[in-house]
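Using my numbering, the first residue of the sequence shown is number 68, and each one after it goes up by one.
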Amino acid sequence: MFISVVIPTYNRWPILEKCLVALEAQSPSGEIDDYEVVLVDDGSTDGTPSRLREQAARFPHVRLVEQAHGGPAEGRNRGVDHARGDVIVFIDSDLVVTPQFLSSHARALQRYWHQSGNRLCFTYGAVINTANFDQPTTERHKLRDLSWAYFATGNVAIDRTVLQRSGLFDTGFRLYGWEDLELGERLRQMGVALVKCPEAVGYHWHPALSLAQVPDLIRVEQERAKMGLVFFRKHPTRRVRFIIQFTWLHLILWELLTLGGLLNERSLRPLLKWLISHGHAAVAMEVLRLPLNRIGVRAMFREAKAIGLR
Numbered sequence: 068m069f070i071s072v073v074i075p076t077y078n079r080w081p082i083l084e085k086c087l088v089a090l091e092a093q094s095p096s097g098e099i100d101d102y103e104v105v106l107v108d109d110g111s112t113d114g115t116p117s118r119l120r121e122q123a124a125r126f127p128h129v130r131l132v133e134q135a136h137g138g139p140a141e142g143r144n145r146g147v148d149h150a151r152g153d154v155i156v157f158i159d160s161d162l163v164v165t166p167q168f169l170s171s172h173a174r175a176l177q178r179y180w181h182q183s184g185n186r187l188c189f190t191y192g193a194v195i196n197t198a199n200f201d202q203p204t205t206e207r208h209k210l211r212d213l214s215w216a217y218f219a220t221g222n223v224a225i226d227r228t229v230l231q232r233s234g235l236f237d238t239g240f241r242l243y244g245w246e247d248l249e250l251g252e253r254l255r256q257m258g259v260a261l262v263k264c265p266e267a268v269g270y271h272w273h274p275a276l277s278l279a280q281v282p283d284l285i286r287v288e289q290e291r292a293k294m295g296l297v298f299f300r301k302h303p304t305r306r307v308r309f310i311i312q313f314t315w316l317h318l319i320l321w322e323l324l325t326l327g328g329l330l331n332e333r334s335l336r337p338l339l340k341w342l343i344s345h346g347h348a349a350v351a352m353e354v355l356r357l358p359l360n361r362i363g364v365r366a367m368f369r370e371a372k373a374i375g376l377r
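Now the structure itself:
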């Protein structure tokens, strides 16, 4: 088995460096003949390409592909086009993996292939969220790390031929969100099975919440709303409605939980500030999710009305 790890990146050098170091430290495996890391730089302005060229000796498995800024869907497709492997592993550039990461994916894939007699599956590894930049792999697994997504590109492995039959990622998703779950809907329709692979662990780093991040988090929710409707227009099903929260139930739910918007990013600011200052940034983020969800759902309904979508 030859594995190509495809990673799109944009201005993430500090954590990307940790990501690449971890991938160079993979344990030998009888299932894997060789592997490569196809890193697609999506027009970074932080010097990522030049740093990689200067430090090429540190990262012998890495092949750099550069593109103008076009988003992660375009970047992943370009990475697959340049990949040489018969298995594609997708991770994000802020994921730090364990030494057994690739071998765990490889064993789980081969086990399913042997049992089923076909390659219609993908393996889904564990993603543990952490704000610990210095030692991300020391983070414990938490209840909020559980994901119910069918196909999310933070940590998956799939046969290249099966992936190509799906049509790859839709580059119409140019803003934040949903391009991987949309591909997942097409894989589901092909009968591709999800195989849990908790042994393939990745630690997803993101900085602890600060009040300065709030405007950007609001922007992300608004972009997710727009892309959610792109998702729904391609797959106008009840299932997708619930995935993107495009239902009256979700609209009413977040209105109730935020007291009709009284609990918002401004009114909650003193509480968020107190929680953050006392070392409870993760709790503050969970509190902030209430108004963020309301913002996202309301933005989706406004956008849907503007384009005549029901």
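Glycine is no exception: its CB is placed at the ideal position from the N, C-alpha and C atoms.
These numbers were taken from a predicted model, which means no experiment stands behind them.
Residues near residue i by beta carbon distance below 6 Å, same chain, minus five either side
i, result
"residue 241", "138"
"residue 203", "163, 197, 270, 272"
"residue 267", "168, 171, 172, 192"
"residue 321", "360, 361, 364"
"residue 348", "275, 276"
"residue 140", "236, 238, 240, 246"
"residue 146", "73, 105, 107"
Candidates the options: closest to residue i by CA position
i, options, result
"residue 164", "86, 214, 225, 227", "86"
"residue 269", "227, 333, 168, 345", "168"
"residue 239", "72, 294, 258, 217", "294"
"residue 370", "291, 256, 71, 81", "291"
"residue 300", "237, 100, 99, 73", "237"
"residue 414", "184, 193, 73, 136", "Any answer about residue 414 is impossible in this case: the structure gives the chain only from 68 up to 377."
"residue 98", "89, 69, 74", "69"
"residue 127", "243, 92, 304", "92"
"residue 261", "280, 82, 180, 195", "180"
"residue 246", "142, 306, 125", "142"
"residue 216", "243, 283, 313, 249", "249"
"residue 211", "352, 377, 136", "352"
"residue 120", "130, 207, 112", "130"
"residue 201", "74, 84, 348", "84"
"residue 344", "178, 189, 275, 326", "275"
"residue 230", "189, 207, 265", "189"
"residue 303", "336, 326, 253, 355", "253"
"residue 82", "199, 124, 148", "199"
"residue 283", "355, 123, 184", "355"
"residue 265", "234, 306, 305, 222", "222"
Cβ shell of residue i (< 8 Å), same chain only, five flanking positions each side left out
i, result
"residue 340", "278"
"residue 285", "332, 359, 362"
"residue 232", "257"
"residue 214", "194"
"residue 377", "371"
"residue 296", "311, 313, 367, 370, 371, 374, 376"
"residue 208", "193, 195"
"residue 136", "77, 109, 110"
"residue 206", "195, 196, 197, 199, 270"
Close beta carbons around residue i, own chain, < 7 Å, minus the five adjacent residues each side
i, result
"residue 317", "364"
"residue 133", "108, 116"
"residue 263", "191"
"residue 315", "none"
"residue 368", "318"
"residue 308", "299, 314"
"residue 177", "98"
"residue 118", "80"
Beta-carbon proximity check, residue i vs residue j, cutoff 7 Å
i, j, result
"residue 115", "residue 108", "yes"
"residue 88", "residue 187", "no"
"residue 160", "residue 76", "yes"
"residue 251", "residue 298", "no"
"residue 366", "residue 289", "yes"
"residue 324", "residue 357", "yes"
"residue 338", "residue 350", "no"
"residue 150", "residue 71", "yes"
"residue 144", "residue 111", "no"
"residue 52", "residue 80", "Residue 52 is absent from the model: the chain starts at 68 and stops at 377."
"residue 166", "residue 94", "yes"
"residue 281", "residue 243", "no"
"residue 90", "residue 104", "yes"
Residue i beta carbon near the ligand COA (any heavy atom closer than 6 Å)
i, result
"residue 323", "Absence of the ligand COA from the depicted structure is noted, as is the absence of any ligand whatsoever, leaving it without description."
(message) Across the segment 153–160 and the segment 223–234, are there enough close Cβ pairs to call them in contact, namely three or more that are closer than 8 Å?
(response) Judged by Cβ distances under 8 Å, the segment 153–160 makes contact with the segment 223–234, as three or more pairs qualify.
(request) Only counting runs of 4 or more residues, tell me where the alpha helix (DSSP H) segments fall wholly within the segment 175–246, in order along the chain. (result) Here the runs fully enclosed are 227–233.
(request) Could you tell me which uninterrupted alpha helix (DSSP H) segments, each at least 4 residues in length, are contained entirely in the segment 237–309, listed from first to last along the chain? (result) Unbroken alpha helix (DSSP H) runs of no fewer than 4 residues, entirely contained in the segment 237–309, are found at 246–256, 281–301, following chain order.
(request) Any chance you could list the alpha helix (DSSP H) runs of at least 4 consecutive residues sitting entirely within the segment 323–356, in chain order? (result) Those alpha helix (DSSP H) runs which fall completely within the segment 323–356 and span 4+ residues are 336–344.
(message) I'd like the ranges of any alpha helix (DSSP H) spanning at least 4 consecutive residues and lying wholly in the segment 105–129.
(response) The DSSP assignment places 115–121 as complete runs of the alpha helix (DSSP H) inside the segment 105–129, in order along the chain (cut-off: 4 residues).
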